[in-house]
Each structure stands twice: as C-alpha cells, then as structure tokens.
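For the sequence shown, the positions run 736 to 859 when this note's numbering is used. Every residue, glycine too, gets a C-beta built ideally from N, C-alpha and C. Computed from a prediction, not measured in an experiment: that's the story for all the values here. Encoded as structure tokens, the structure appears first; notes follow it.
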Amino acid sequence: MAKRSKQYDYDLSEVKRLIGETDKNYREISAETGCPYASVVYHGRKIRGRVNRMHNQQDSEEKENIVLPITEETEETPTMMSGGTALSISRNDVHIQDAELEAAKMIKAAKALGLSKINITIEK
C-alpha cells in the first residue's frame, strides 16, 4: 500500500505575509504558523531570494578593508581585450609624488573605454 503524504493545516497567506513583512527566520515562521520548514524555505526563497545574511556581512566588511597603494612609476602593458584589440597606456619617468594621480588617470581612461580588467605594472 502506498504511503500517503501528511496533511498540514496552516494559512499560506499568513506564511507569505510573515516572510515578506518581517525579518523572522524560517524556523520561527514555521513554528508560529505550523507550516513545514521546507515549505517556508521554498516560499521564502521565492519572496526574499536566496540570502545568506552572515556571509554577505562578512564579504562587505572584507571589501571595505582592501587598499591598494601605488608607490612607484606606473605603466600598463598591452593586453588583449574581449574584442581582440590591444590597448597600451604608458607613463615613463613619472615622479613618485605624481604616480598615484597618473595611475588614477589611466584607470579612468580604461573605464571610459568600457574595460572591466586592466594590467598595471610598476618598474624601477
């Protein structure tokens, strides 16, 4: 004889309201409404999307701490862009005090051209 699925008595509209309007986690909503946890997760991901709050918080904290100082002469070597075009922007004999400003100008030019990646080389 085939096993029958369990029948639950819960208000789906209340489950969806709690998911959309509160910051309660899925376990709390499941306990409060009597809706199975798996069903709460299913509807929650449709409404909230797939969110891992702790992971996103840690990523944003790490991104804030990243600093890339430029302290010497900056030169970009030719690279192949997605369209197969090579681009080279060079600055020679740049004084150490002006290097950061020159690098910023080169990065701004690359952004204006629609590049998403660049190579920066610093030589003595």
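Asked, Found
"For residue 830, which of helix, strand or coil comes out of DSSP?", "coil"
"Residue 767 to residue 737, Cα distance in whole Å?", "31 Å"
"Throw me the rounded Cβ distance for the residue 853 and residue 845 pair, which I believe falls under 8 Å.", "5 Å"
"For residue 761, which of helix, strand or coil comes out of DSSP?", "helix"
"Could you pull the start and end residues of the alpha helix (DSSP H) that residue 779 belongs to?", "772-783"
"Once DSSP output is grouped into helix, strand and coil, what is the label at residue 850?", "coil"
"Put residue 838 into one of helix, strand or coil per three-state DSSP.", "helix"
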